Amino acid sequence: MSDYEVRPATMRDAKAVAEVHALAAKAAYEGILPEEELRTLAPASREAKWREAIEFSEPQVQVATLDGEIVGFVGFDRSRDPKTPSTTGEIWAIYVKPEHWGKGVGVALWDAAREGLEEEGCTTVTIWVPIRNDRAMRFHELAGFKREMKTAKTTLLGTVRIEEIRLKRSVA
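Each residue of the sequence shown is one higher than the last, beginning at 297 in my numbering.
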């Protein structure tokens with residue numbers, strides 16, 4: 297059994313969420329983004345975004361804690377993609393501190409998001425993943441997500457263009 301607890305984020309958590317986001321993104325995008333882009337992934341640039349998300353529940357944010365320390369988070373809500381049914385949810389972000397990778401935190405966060413999306417009446421869920429992010433791709437495929445090959449697109453991440461693809465699965 298996991299010692300990780302998942303709970304809704306509070307305003308006091310915004311700074312820690314931003315710190316997890318920055319740390320995990322730097323590790324996840326190493327080798328995908330150039331070093332100068334990785335240096336711009338600072339918590340200060342993300343705290344206001346997460347404070348607003350937590351305040352307005354857009355997206356809904358859940359945090360994973362271990363002994364009171366926030367070690368991961370997930371943001372989820374209705375899909376932002378145009379022309380998707382209102383029953384389609386989306387994982388907007390899911391990040392875990394690198395030292396907690398492979399220890400069940402991501403699964404606990406995914407379970408919390410799935411339950412939240414189910415409560416919102418969502419029947420399917422999507423997530424956009426950089427094609428070159430092998431760890432994220434593997435995690436989501438093990439969680440039952442399937443690649444939607446026709447959705448591949450180029451996105452600007454900082455000043456770098458990356459290829460992303462949407463993955464999809466049933467909420468149930």
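Beta carbons are placed, not taken as given, at the ideal position from N, Cα and C, and that holds for glycine.
None of the values given here were measured: they were computed from a predicted structure.
Since K393 and V367 are thought to touch, with beta carbons under 8 Å apart, how far apart are those beta carbons, to the nearest angstrom? With a Cβ gap of about 5 Å, K393 and V367 count as contacting.
Under three-state DSSP, which class holds L463? In this structure, L463 counts as strand in the three-state DSSP scheme.
Alpha-carbon to alpha-carbon, K345 and S353: If I take the Cα positions, the gap works out to 12 Å.
Along the beta strand (DSSP E) that carries W424, what are the first and last residues, could you check? T420 to P426 is the extent of the beta strand (DSSP E) around W424.
Cα separation between I350 and D309? Between the alpha carbons of I350 and D309 lies a gap of roughly 9 Å.
Need the endpoints of the alpha helix (DSSP H) that K345 sits in, please. Annotation: the continuous alpha helix (DSSP H) that includes K345 extends over A340 to F352.
Nearest-angstrom Cβ-Cβ length linking I423 and I387, presumed shorter than 8 Å: With a Cβ gap of about 4 Å, I423 and I387 count as contacting.
Answer yes if the stretch 396 to 406 comes into contact with the stretch 443 to 453, meaning at least three C-beta pairs across the two stretches below 8 Å, and no otherwise. In short, these stretches do not touch, since the Cβ pair count stays below three.
Within this structure, are the beta carbons of L405 and F435 separated by less than 8 Å? No. Outside cutoff.
If you draw a straight line from the alpha carbon of A318 to that of I390, how long is it in whole angstroms? Rounded to the nearest whole angstrom, the C-alpha separation of A318 and I390 is 12 Å.
Please work out which residues of its chain come closer than 7 Å, Cβ to Cβ, to Y325, disregarding the five sequence neighbours upstream and downstream, and give them in chain order. Closer than 7 Å at the Cβ level, and outside the excluded window around Y325, lie L334.
Could you compute how far the alpha carbon of E365 sits from the alpha carbon of G454? Roughly 29 Å between the two C-alpha positions.
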